[in-house]
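In the working numbering, the protein residues as written are 161 to 623.
All C-beta atoms in this analysis are idealised placements derived from N, C-alpha and C, irrespective of residue type, glycine included.
Worksheet: one structure, shown below.
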RNA sequence: UCCUCAGUAGCUCAGCGGUAGAGCGGUCGGCUGUUAACCGAUUGGUCGCAGGUUCGAAUCCUGCCUGGGGAGCCA
């Protein structure tokens, strides 16, 4: 008897076929002479209904041992359902309980739970409809990302997770050490002696693989990273995690405009692919989580992204028929409310803002000819805000060295990064995409903690 | 980190100085096709923690902890 995944039975199963399924009981409904089970194995949003008649061997005992959450194996014949709501159902000849679940204590009930509660049982929440759908979509997004780059000849490179660069300028870092924190070695002046630490100097968890990706791009032309990233910011929002996944393509022989083209094609590919691979899950999100999920996705696939410079964005904000809490002035960074106005009210689609003032952007971004702005780009998505941030990189040695000093860093500590400009430097560009934010965007889930299996946030790393 | 709201039954919440409540869930019973099944009964509590005010505190005050929403930082 073939072991079948439930998604396969629901899509292509035929009556009279024999099948074995393995999964977890979502609900049990008992009537006078028979009972219904709904089994889910994670392959699909939908369950497979199993019907047991009272003449089943040990009917009462078997039924008593099966409750919401029980792991079961059912073998039998697929039959056309007599009831409404499903095409096929399983009439088991054998029903085996692998692991029971005490209904008195099993936390998942046959009812809606709040996402806040489900976060407290993160080890079980993937067995719910919504969270289950989230992680199928998350997987589909990841696969679509690899597919996009692989089809275009990008190398997936594995940037280090441990770094000794403390000057990437992207937020607070987590220290890592093998020193005894209760009694660390000290220098003569009483400071912690990192020369005796594992790497002989302070080390951190990476906040970005970009600098390493640039080095690899200057050998392979087109590369991307896709891996975990860490920020020790004390951020308590629905859009931030201490550990999250980031995608960072980097392209040699590419300028800002090519970079934007790639970012747009990239987002379109992800949405198009996931719409095709997870239609049931996306439909579920559209009905139950956010009624605009499908519309938003189609909007992204079908329409050009709006593009404007920072200077133009400031002009648009100045003539906006709305009062902003924060000032709008050339030279100041855009606030959340400004970004939301541009993406949600003015353009109603993703907006790419380019050429920001040099003073508010990172040292590695290429200085424009005006001497005031850099070749930066942010892709602002409705509801989520900044989903992509990128730039053309400064490829001119002298300019880069000057910007490193200007940012208060020492060129010596970035010697290898500067070396890339000394030997065979070429114009190059890239961007970073917050993977969880894409999943949020796709699913309409409002809290980023619900789109990663085990979220890490300040004061929370339980699982 | 700042602003703001909230912590009462397994879950979602009502009660806001005077005997601790509802719906759902669980349990038991009923029901020949259910599908958030339905109907009846029943079970269930350190009212987040620690102080204080009061004859009396879930309720008022103070501090702390935890969670939500918003902001900052950013992806």
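Specify whether the segment 420-431 and the segment 338-357 touch according to this definition: at least 3 beta carbon pairs, one from each stretch, less than 8 angstroms apart. By the Cβ rule, the segment 420-431 does not count as touching the segment 338-357, because fewer than three pairs are nearer than 8 angstroms.
Cβ-based burial, residue 544 [other Cβ within 10 Å; buried from 16]: Burial call: buried.
Between the CA atoms of residue 374 and residue 553 - distance to the nearest angstrom: Distance from the CA atom of residue 553 to the CA atom of residue 374, rounded to whole angstroms, is 9 angstroms.
Have a look at residue 488 and residue 322 and give me their C-alpha separation to the nearest angstrom. For residue 488 and residue 322, the distance between alpha carbons rounds to 39 angstroms.
Rounding to the nearest angstrom, what Cα-Cα distance links residue 560 and residue 535 in this structure? Distance between the alpha carbons of residue 560 and residue 535 is about 13 angstroms.
Distance, Cα to Cα, residue 524 vs residue 563? Each residue's Cα considered, the two are about 7 angstroms apart.
Segments assigned alpha helix (DSSP H), at least 4 residues, entirely inside the segment 192-250: As for any alpha helix (DSSP H) of minimum length 4 sitting wholly inside the segment 192-250, the runs are 219-225, ordered along the chain.
With distances taken Cα to Cα, identify the nearest neighbour of residue 444 among 533, 294 and 223. Per the Cα distances, 294.
Cβ of residue 599 within 8 angstroms of Cβ of residue 407? Result no, Cβ atoms of residue 599 and residue 407 do not sit closer than 8 angstroms.
Decide if the segment 433-443 is in contact with the segment 451-460; the criterion is three or more beta carbon pairs, one per stretch, under 8 angstroms apart. Touching, yes, given that three or more Cβ pairs across the two stretches are closer than 8 angstroms.
Length of the line joining the Cα atoms of residue 453 and residue 602: Each residue's alpha carbon lies about 7 angstroms from the other.
Reference residue 272, options 237, 448, 360 and 167, closest by Cα: Shortest Cα-Cα distance from residue 272 to any of 237, 448, 360 and 167 involves 448.
Beta-ladder partner(s) of residue 386, from DSSP: Residue 386 is bridged to 407.
Within 8 angstroms, strictly: CB atoms of residue 469 and residue 397: The criterion of a C-beta distance shorter than 8 angstroms is not satisfied by residue 469 and residue 397.
Would you call residue 382 buried or exposed, if buried means 16 or more other Cβ atoms sit within 10 Å of its Cβ? Counting Cβ neighbours within 10 Å, residue 382 comes out buried, since at least 16 surround it.
If you run the structure through DSSP and keep just helix, strand and coil, what is residue 619? Coil.
Is the separation between the beta-carbon of residue 183 and that of residue 169 shorter than 8 angstroms? Their beta carbons are not under 8 angstroms apart, which means residue 183 does not touch residue 169 by this criterion.
Ordered along the chain, which non-local residues of its own chain (more than five positions away) have a Cβ less than 6 angstroms from that of residue 173? The beta carbon of residue 173 sits closer than 6 angstroms to those of 238 and 248, all from its chain and outside the five residues before and after it, given in chain order.
Who are residue 593's beta bridge partners in DSSP? For residue 593, which the question treats as bridged, DSSP gives the partners 407 and 548.
Chain-order list of residues whose beta-carbon lies under 8 angstroms from that of residue 164 (same chain, five-residue window excluded): Excluding sequence neighbours, residue 164 sits near 173, 179, 180 and 181.
Would the segment 567-581 and the segment 356-365 be scored as touching if the rule is three or more Cβ pairs under 8 angstroms? The segment 567-581 vs the segment 356-365: no contact.
Distance between beta carbons of residue 497 and residue 478, contact taken as under 8 angstroms: No, residue 478 and residue 497 are not in contact; Cβ-Cβ is about 14 angstroms, not under 8 angstroms.
Report yes if the CB atom of residue 509 is closer than 8 angstroms to the CB atom of residue 465, and no otherwise. At a Cβ-Cβ threshold of 8 angstroms, residue 509 and residue 465 count as neighbours.
Following the continuous beta strand (DSSP E) through residue 540, name the residue where it begins and the one where it ends. Per DSSP, the unbroken beta strand (DSSP E) holding residue 540 starts and ends at 536-541.
How many whole angstroms separate the CB atoms of residue 411 and residue 588, which I take to be in contact at a CB cut-off of 8 angstroms? Indeed, because the Cβ distance is near 6 angstroms, the residues count as touching under 8 angstroms.
Can you check which of these residues, 251, 549, 581 and 590, is closest to residue 556 by C-alpha distance? Residue 581 is the option with its Cα nearest to residue 556.
Ignore the nearest five residues each way along the sequence and tell me which others in residue 480's own chain have a CB closer than 7 angstroms to its CB. Here the set comprises 501.
Quick one: what's got a C-beta closer than 8 angstroms to residue 259's C-beta in the same chain, skipping five residues either side? Excluding residues within five positions, the ones whose Cβ falls inside 8 angstroms are 230 and 231.
Would you mind sorting residue 126 into buried or exposed? The rule is 16 or more other CB atoms within 10 Å of its CB. Since the first and last residues shown for the chain are 161 and 623, residue 126 lies out of range.
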